[in-house]
Structures are given as C-alpha cells and as structure tokens.
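Visitor: Got a structure for you, written out below as structure tokens; questions coming shortly.
There are 2 protein chains.
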Amino acid sequence: MSVAIENFVKAIYNNDNHDIKDTKPGNIAKKLGISNAAATDMAKKLAVKDLVNYEKYQKLQLTEKGTKMALNVVRKHRLWESFLFKMFDMSLHDIHREAELLEHQTSDLLADKISAYLGHPKFDPHGDPIPNADGEITTEDTSISLAEATEGKTYIISRLLSDDKEFFDFCAQNEIKYRNIVTVSKQFISNKMTQISIGSNSIVLNEDFTKIIYVDEN
Amino acid sequence: MSVAIENFVKAIYNNDNHDIKDTKPGNIAKKLGISNAAATDMAKKLAVKDLVNYEKYQKLQLTEKGTKMALNVVRKHRLWESFLFKMFDMSLHDIHREAELLEHQTSDLLADKISAYLGHPKFDPHGDPIPNADGEITTEDTSISLAEATEGKTYIISRLLSDDKEFFDFCAQNEIKYRNIVTVSKQFISNKMTQISIGSNSIVLNEDFTKIIYVDEN
DNA sequence: ATTAATTTTTAAGTATGCTTAAATTTTTTA
DNA sequence: TAAAAAATTTAAGCATACTTAAAAATTAAT
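Chains as they are written, first to last, in my numbering: chain A, 1 to 218; chain B, 1001 to 1218.
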C-alpha cells in the first residue's frame, strides 16, 4: 500500500481517537494538506479496498482492515520517535518529522527489532501508547498532573489544562508548550497548592491544571 | 526530488563505479527493474534538471549536481547499513533491504547524527566507503587477502579473487560467498602458503587469492 | 422554515513514473 | 561488409494522487 493510503488511514485513526472527533473528508483533507475533492476521491478508492466504510456525506470510518493498517503505521511512528529520542540529541519536533517519513519505509521485522531494543515500551516520548505487533494498544493514561511531579526530574508537557489566565501567561513567558521538555522545581504551599519553578520564573498553582508525562530520570 | 530520481542517479553512480562499466539506459533499466523506454524517458527529464548529461545513444553521465545527489543517497544508504548492523541482529541481506528504503527518507541532519553516533566511520560493513557530508569519499582499499587475516577474528568476504578451481569448490562447499561473514582459522605452511579453515573444512592456499574486509573483533 | 454559508461531491484536467509496441539506430557476427 | 541481433528511442496509453471549478447536499443562522 502506498504512502498516501497509509497517511489517509492514519489521519482517520488519529482524528477519531484524538482531538477532532470529525472524520468527514474535509477534516482529513485539512490534516493531510490536500483538497476536499482529493479526500473524497481517496475515500471511495479505499472503500473498494475494504479499508474505509464510505457513505456519501457521512463520516469516514475505518474497517477492521483499515484499523489494522493504521495501527501498524502508528506503531512504527511511535517506535521511531521513541528510538530516535533515546539514541540522538534531537528536538522532539525534528524527531517527529523524521518518524513521519520513516514510518512508511519500515518492515515489520525492523519495527520488532526496534521495539525489542527499547524493551517493548508501551508509551512513546509524548505519552502516546505504542500498539504492539498485533495492533493491541494500552489505554491507561500514564500522564500525571504537574503538581504530582518529582522535584528535579524532567518531564514532557503532554497537555495544558487550565482556565487560569495567570497560568497561561506563565507558560507563554517561559515558552512552555505542548510537548516541551521541562525540569520541575517545586514546593508545597498548602493542601492543594504547589509552587512550581521552571527556569527563573515560578507560579503558585492548584492541582489538576496541567497534564505532564514522565520521561527521564535525568 | 523523488525516490525514482534518487534511485536513478544512484544506479548510474554505482554502475559507473562498480561492476558494470556501462551506464547506457538499458543497464540502468535492468538494475532498477524498469523498461528501457522508462529509463530513456527519465534520462531526458533529468537532463532538463541538470542531473544527467544525455545524448542520444550515448552513455548516461552524471553532472556535478547529479553526482552530489548520488553521493548523498549512497552516504545515507551506507550509514543506515552500518547503523543497523551495529544495533540489531539482522542478516546483511535484510539490512540492505531496509537501507534501500530508509535512504530516501532521511534528512541530512539525521544522517549526521547517525554518522556521529558511529564515530564517523569511513567504511560500511561491506567495506564500501561512506561519503562524508560534503560528498567526499575515501578511496583507499581496506580489504586484505585472506592469508593476512588474524586467527579467530571475524571477517566479511568483500570479493572472491582466484583462478584456482579447487578454491572455488572449497568456497561452494562451505557456502562462502560475497558478503559472507566468516571466522578464520589458519596456519602458515610455508612462505606464500597458508592453510585456512572455515567451518570443518580447510584448504591450502597461496596469498592474494581472496579479498576480505575486517569487520569485528568478535 | 427559509436563506445563507459551508461542505461534499462530481467532473475535467495535470504531473509523475511507469507500460507495451513499433520505429530507428547501433552493435555484433558471420 | 552486409545481414542479423540487440539496444535505444519514439509514441501512445495507463494508474496514482493530486488540482481547480462548478453542482449538489448538508448545516447553520436569522
């Protein structure tokens, strides 16, 4: 199957499981940077191949076969990200860019070798679960709130959850973004309040405002 | 530039530097598994892009730009082979297959990271030189004759050079082939004669019959 | 509940990278 | 060196994966 097809089923899979809950052609098109017409066209072609259930004007849905393919590509993507993250000093952005290409040119054999080398990890550096070779995926969430972080350890921001303007200003000031790597200094103030320091700035926050994921003992 | 184009210039480069000394469209076509017509067609297109010098019925020649591109792809191929060889227990055949795909989806940045990780090696597991980031290539030959091999060390056969029928029969019997990994046991018999044991069979040979390349201390 | 806005679909067209078949040129060999 | 063989080129055509433009359907808004 072609790169275009793999990216198409992956886009449906990701839209279905993550952020956007709409898998109509237009959303997939936007995600892939192609025209709506091209997306409709592809959807029809993939219906013939039994990868997608297509009905006019309806959401696109992966068949069992299509889901398997998507999981296989996602597995390779997340394995590459994990592997490159471990092996090389590269930004997560660059790593993502490489994985986006490598995922389509990786045999199941090589994927298994990478997985074994890493000790068959269940999550990638972003905290996203890595499907196993059979397409099974761990659904448990390993992310924790920033307040639960251990002093001095390094984490990756997997989500920013807050309705506190002050908090977002703090993030902006420190360039704390989704997928940023941060080292946490903190101090309990009271029951549900913690003072967090990142860089030279600090803020007092209550729990459950920020989702982070543990990455490295460093 | 597309995968098809990268493979095309690579094929010209390899044909020009290795085995076959003919870079007419038919030879390139055979190497790539495409029709002669397709090769002629591509050659004309690449001439427009200043990658290939094309003259009807003549050999195809890479321009400076085309050579640069070929060296860049060859670099990535050989770096991937070196890297996968070091990291994973896979057959050289499988490793070659993976590298053939990965070479086209690897940024210069990642190639440099791999190169640095390996200590900027000058040769890959086959003994082929790895061009550096500027496309410079080491021409010295690190291969040695089998008679020069060190007892108990492991080598890769980079070439079989002999007009001795007995030697080739010996190789056939022991499945010694180009790119085979062998562990050498040997014993000097006289001035130019050495008894080599590979597996349970042995043969008495004079020097300069077999080119091998050092691979591993193992 | 219409109208307006948006989205989806259809239709026609394009670039890439191939194919096969036939014409042309080169190379071999007898 | 002339005929036969082989290779190259030209020509026509195809599949993939897109594009833009216009028609049709859906969704949103007043």
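Built from N, CA and C at the ideal position, the CB exists for glycine as well.
Need the endpoints of the alpha helix (DSSP H) that ALA99(A) sits in, please.
Guide: Here the alpha helix (DSSP H) through ALA99(A) covers 92-102.
Visitor: Bridge partners for LEU1062(B) per DSSP, in chain order?
Guide: Paired residues: VAL1052(B).
Visitor: Using 8 Å as the limit for Cβ to Cβ distance, is GLN195(A) near chain B?
Guide: No, no contact with chain B.
Visitor: Quick one: is LYS1044(B) buried, meaning 16 or more other Cβ sit within 10 Å of its Cβ, or exposed?
Guide: Per the 10 Å Cβ criterion, exposed.
Visitor: What does the alpha-carbon distance come out to for the pair ARG75(A) and ASP94(A)?
Guide: Answer to the nearest angstrom: the Cα atoms are 18 Å apart.
Visitor: Counting contacts by CB-CB distance shorter than 8 Å, is ASP108(A) in contact with chain B?
Guide: Not one chain B Cβ lies under 8 Å of ASP108(A).
Visitor: Which class does GLU217(A) belong to by DSSP, given the choice of helix, strand or coil?
Guide: At GLU217(A) the pLDDT is 32, less than 50, meaning the model places this residue with poor confidence; the figure from the coordinates comes in the next sentence. Looking at GLU217(A) - three-state DSSP - the assignment turns out to be coil, as it is neither helix nor strand.
Visitor: Just tell me which of LEU1032(B), ASP1128(B), ILE1012(B) and LEU1092(B) has its CA closest to the CA of LYS1068(B).
Guide: The shortest Cα separation from LYS1068(B) among LEU1032(B), ASP1128(B), ILE1012(B) and LEU1092(B) belongs to ILE1012(B).
Visitor: Measuring only between beta-carbons, confirm whether GLU98(A) sits less than 8 Å from chain B.
Guide: Taking Cβ atoms only, chain B reaches closer than 8 Å to GLU98(A), which makes this a yes.
Visitor: Closer than 7 Å by beta-carbon distance: list the chain A residues that pair up with ASP1094(B), in chain order.
Guide: Chain A residues near ASP1094(B): LEU109.
Visitor: Using a 10 Å radius around the Cβ and a threshold of 16 neighbouring Cβ atoms, would you call ALA1004(B) buried or exposed?
Guide: It counts as exposed.
Visitor: Find the residues of chain B that neighbour LYS113(A), judging by a C-beta separation of less than 9 Å, and give them in chain order.
Guide: Simply LEU1084, MET1087, PHE1088, ASP1089 and MET1090.
Visitor: So which residues on chain B does LEU102(A) lean against when the C-beta distance must stay under 8 Å?
Guide: Correct list: LEU1102, GLN1105 and THR1106.
Visitor: In three-state terms, what does DSSP make of ILE12(A)?
Guide: Helix at ILE12(A).
Visitor: Which residues does DSSP list as the beta-bridge partners of SER82(A)?
Guide: DSSP lists no partner for SER82(A).
Visitor: Just curious, the alpha helix (DSSP H) that ASP89(A) is in, first and last residue?
Guide: Careful: ASP89(A) lies outside any alpha helix (DSSP H) and carries neither H nor E.
Visitor: With respect to the alpha helix (DSSP H) encompassing PRO25(A), which residues constitute its N-terminal and C-terminal limits?
Guide: Residues 25-32.
Visitor: Could you please give the first and the last residue of the uninterrupted alpha helix (DSSP H) stretch that includes SER115(A)?
Guide: Residues 108-117.
Visitor: Taking the beta carbon of GLN1105(B) as the centre, do at least 16 other beta carbons fall within 10 Å, making it buried, or is it exposed?
Guide: Counting Cβ neighbours within 10 Å, GLN1105(B) comes out buried, since at least 16 surround it.
Visitor: Quick one: what does DSSP say ILE5(A) is sitting in, helix, strand or coil?
Guide: If DSSP states are grouped into helix, strand and coil, ILE5(A) belongs with the helices.
Visitor: Under 8 Å, do ALA39(A) and ILE28(A) count as touching if we go by C-beta distance?
Guide: Going by C-beta atoms, ALA39(A) is nearer than 8 Å to ILE28(A).
Visitor: Using beta-carbon positions only, say whether LEU1046(B) and GLY1026(B) come within less than 8 Å of one another.
Guide: It is not a contact, given that the beta carbons lie outside the stated cut-off.
Visitor: I need the straight-line Cα distance from SER1185(B) to GLU1103(B), nearest angstrom please.
Guide: Each residue's alpha carbon lies about 36 Å from the other.
Visitor: Would you identify the three-state DSSP class for THR1139(B), choosing helix, strand or coil?
Guide: It is coil, neither helix nor strand.
Visitor: Counting only C-beta atoms, is ASN1218(B) closer than 8 Å to chain A at any point?
Guide: Its pLDDT being 32, under 50, ASN1218(B) is placed unreliably by the model, and nothing is read from it.
Visitor: According to DSSP, which residues form a beta bridge with PRO129(A)?
Guide: The partner list for PRO129(A) (beta bridge, DSSP) reads PHE123(A).
Visitor: Tell me, please, whether the CB atom of TYR1054(B) is closer than 8 Å to any CB atom in chain A?
Guide: Taking Cβ atoms only, chain A never reaches closer than 8 Å to TYR1054(B), which makes this a no.
Visitor: Can you confirm whether TYR1013(B), when its beta carbon is compared against all beta carbons of chain A, has any partner nearer than 8 Å?
Guide: False, the Cβ-Cβ gap to chain A never drops below 8 Å.
Visitor: Going by other Cβ atoms of all chains shown within 10 Å of its Cβ, with 16 needed for buried, is ASP41(A) buried or exposed?
Guide: ASP41(A) is exposed by the Cβ-count criterion.
Visitor: At the 8 Å Cβ level, is TYR57(A) part of the contact set with chain B, yes or no?
Guide: No, because no Cβ of chain B sits closer than 8 Å to the Cβ of TYR57(A).
Visitor: Could you tell me the alpha carbon to alpha carbon distance between ASN1072(B) and GLN1061(B), rounded to whole angstroms?
Guide: Approximately 17 Å, taken between the alpha carbons.
Visitor: Pull up the distance between the alpha-carbon of LEU1109(B) and that of THR1183(B), whole angstroms please.
Guide: Roughly 36 Å separates the two Cα atoms.
Visitor: Out of MET90(A), GLU81(A), LEU92(A) and HIS96(A), state which residue places its alpha-carbon closest to the alpha-carbon of ALA111(A).
Guide: The shortest C-alpha separation from ALA111(A) is found at GLU81(A).
Visitor: Applying the 10 Å Cβ sphere with the 16-neighbour rule, what's the burial state of VAL1048(B)?
Guide: When all chains shown are included, VAL1048(B) counts as exposed.
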